[in-house]
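Shown next, in structure tokens, is the structure this report addresses.
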Amino acid sequence: MPRYIVERTFPDGLNVPMNDAGANALGGVIMRNAEKGVTWVRSYVSPDKKHSFCIYDAPSPEAIRSTAQKNSLPVDKVTEVRVLDPYFYR
Numbered sequence: 002m003p004r005y006i007v008e009r010t011f012p013d014g015l016n017v018p019m020n021d022a023g024a025n026a027l028g029g030v031i032m033r034n035a036e037k038g039v040t041w042v043r044s045y046v047s048p049d050k051k052h053s054f055c056i057y058d059a060p061s062p063e064a065i066r067s068t069a070q071k072n073s074l075p076v077d078k079v080t081e082v083r084v085l086d087p088y089f090y091r
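The opening position of the sequence shown corresponds to residue 2 in the working numbering, with each subsequent residue numbered one higher.
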């Protein structure tokens with residue numbers, strides 16, 4: 002399955018509460034993603050919470066965009082990536 006980096010901008014900042022409501026919201030994202038074969042691996046968020054860089058495994062960029070729309074999430078850019086492990090060469 003291809004791996005992608007998804008870049009997002011949140012003009013007002015990304016705020017996910019650290020409680021059951023936040024956990025339920027993220028669980029819903031995971032469930033809706035699974036409907037299209039999309040797996041959210043991990044996200045990195047800028048200190049100001051206005052930008053995120055998310056790692057996804059998905060069948061296509063279109064599947065990522067489709068699930069993002071269902072999840073009411075912005076998508077600035079989707080880039081297919083490969084792993085470059087610095088320890089691989091030792």
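For every residue, glycine included, the Cβ atom is placed at its ideal position computed from N, Cα and C.
Over what stretch of residues does the alpha helix (DSSP H) that includes residue i continue unbroken?
{"i": "glutamate 1", "result": "Because the chain is modelled from 2 through 91, residue 1 falls outside the range shown and cannot be assessed."}
{"i": "aspartate 21", "result": "21 to 35"}
Could you pull out every residue in the same chain whose Cβ sits closer than 7 Å to the Cβ of residue i, ignoring the five residues on either side in sequence?
{"i": "proline 60", "result": "Met2 and Gly38"}
Which residue wins for smallest C-alpha separation from residue i, given the options the options?
{"i": "leucine 15", "options": "Arg43, Leu27 and Lys51", "result": "Lys51"}
{"i": "valine 41", "options": "Tyr90, Arg66 and Asp86", "result": "Here the sequence assigns tryptophan to residue 41, which means valine is not the residue at that position. Here the closest residue by C-alpha is Arg66."}
{"i": "phenylalanine 54", "options": "Leu85, Asn34 and Thr80", "result": "Thr80"}
Skipping 5 residues on each side, what residues in its chain have a beta carbon closer than 6 Å to that of residue i?
{"i": "valine 82", "result": "Arg4 and Ile6"}
Among the residues of its own chain, which have a CB less than 8 Å from the CB of residue i, if the five just before and after it don't count?
{"i": "aspartate 49", "result": "Gly14"}
If you reduce the DSSP assignment to three classes, tell me which class residue i lands in.
{"i": "lysine 78", "result": "strand"}
Does the region 10 to 27 come close enough to the region 55 to 71 that 3 or more CB-CB pairs lie under 8 Å? no
Quick check: the region 27 to 37 against the region 69 to 84, are there 3 or more CB pairs under 8 Å? yes
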